[in-house]
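Take a look at the structure set out below.
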Amino acid sequence: MTVPEEGIVAHLPKNLSFDEAAGMCDGGITSLNFLVNLGKIKAGQKVLINGASGSLGTAAVQIAKHFGAEVTAVCSTKNINMVQELGADHVIDYTKEDFTQNTNTYDLIYDTVGTRSMKECCKSLTENGIYASPVLGMPLLGDMMLSSIFSSKKAKFSATGALPKKETKRLMGLLLEIIEAGNIKGVLDRSYPLEQLAEAHTYVGQGHKKGNVVLKPVG
2 MTVPEEGIVA HLPKNLSFDE AAGMCDGGIT SLNFLVNLGK IKAGQKVLIN GASGSLGTAA
62 VQIAKHFGAE VTAVCSTKNI NMVQELGADH VIDYTKEDFT QNTNTYDLIY DTVGTRSMKE
122 CCKSLTENGI YASPVLGMPL LGDMMLSSIF SSKKAKFSAT GALPKKETKR LMGLLLEIIE
182 AGNIKGVLDR SYPLEQLAEA HTYVGQGHKK GNVVLKPVG
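The opening position of the sequence shown corresponds to residue 2 in the numbering used here, with each subsequent residue numbered one higher.
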């Protein structure tokens, strides 16, 4: 394989395996973009992560803790222990409780799975709170337009994969600093050989994976 000299390439950190690194390039960089660039995360903020057990969510929990935020993770019963081990301060089991119906408010709600709308989350945001999701659809587009004009609470989206190369390299550099500091680890659910690509897609499509699923090249 050849890559451009100015391409988005970095040396593998000593405390990260190849399999962990494969997943980190997606979940880690995307969640960094949403938490840092969109959410302007800082120490002391209250952050809720919906879908905390997936690729984006497991990275987001650890990144938010790295920046000193108070993290509430939303996941299913079977993943509670895992997200607690990743550093979540509070965990909400969505099979038993709807976080939009309690009285808690958050500076940032990062909906990694796009299952809750800005409208549903509005009461759960602080006065200048941000709802951010990587799952783009017409409802989110409408919420972004309306909130940008009429509300102090904002809905935000970013296509991380379409960021300028310079910005992606900056995010990768920041992610490497967090990894090398020991503040984030890759969460690997399963790995499949390349010839089992269809099986891997089927498993991911069931929507119950923990962290990342990776493909391993043949040979």
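All C-beta atoms in this analysis are idealised placements derived from N, C-alpha and C, irrespective of residue type, glycine included. Every value quoted in this text rests on a predicted model; they were computed, and no experiment measured them.
Here DSSP, grouped into helix, strand and coil, assigns Glu6 to coil. In the same chain as Leu13, and ignoring 5 residues on each side of it, the C-beta atoms closer than 8 Å to its own belong to Phe19, Ala22, in chain order.
Taken through DSSP and simplified to helix, strand or coil, Asn38 comes out as helix.
The C-beta distance from Leu109 to Val48 rounds to 5 Å, short enough to fall under 8 Å. In chain order, Ile179, Asn184 place their CB closer than 6 Å to the CB of His67, counting only its own chain and leaving out the 5 sequence neighbours on each side.
For Cys76, the enclosing beta strand (DSSP E) covers residues 71 to 76. Distance check between Lys124 and each of Thr116, Thr104, Gly52, Ala199 places Thr104 closest, using alpha-carbon atoms only. When the five nearest sequence neighbours on each side are left out, the beta carbons in the same chain lying within less than 6 Å of the beta carbon of Gln46 are those of Ala70, Asp108, in order along the chain.
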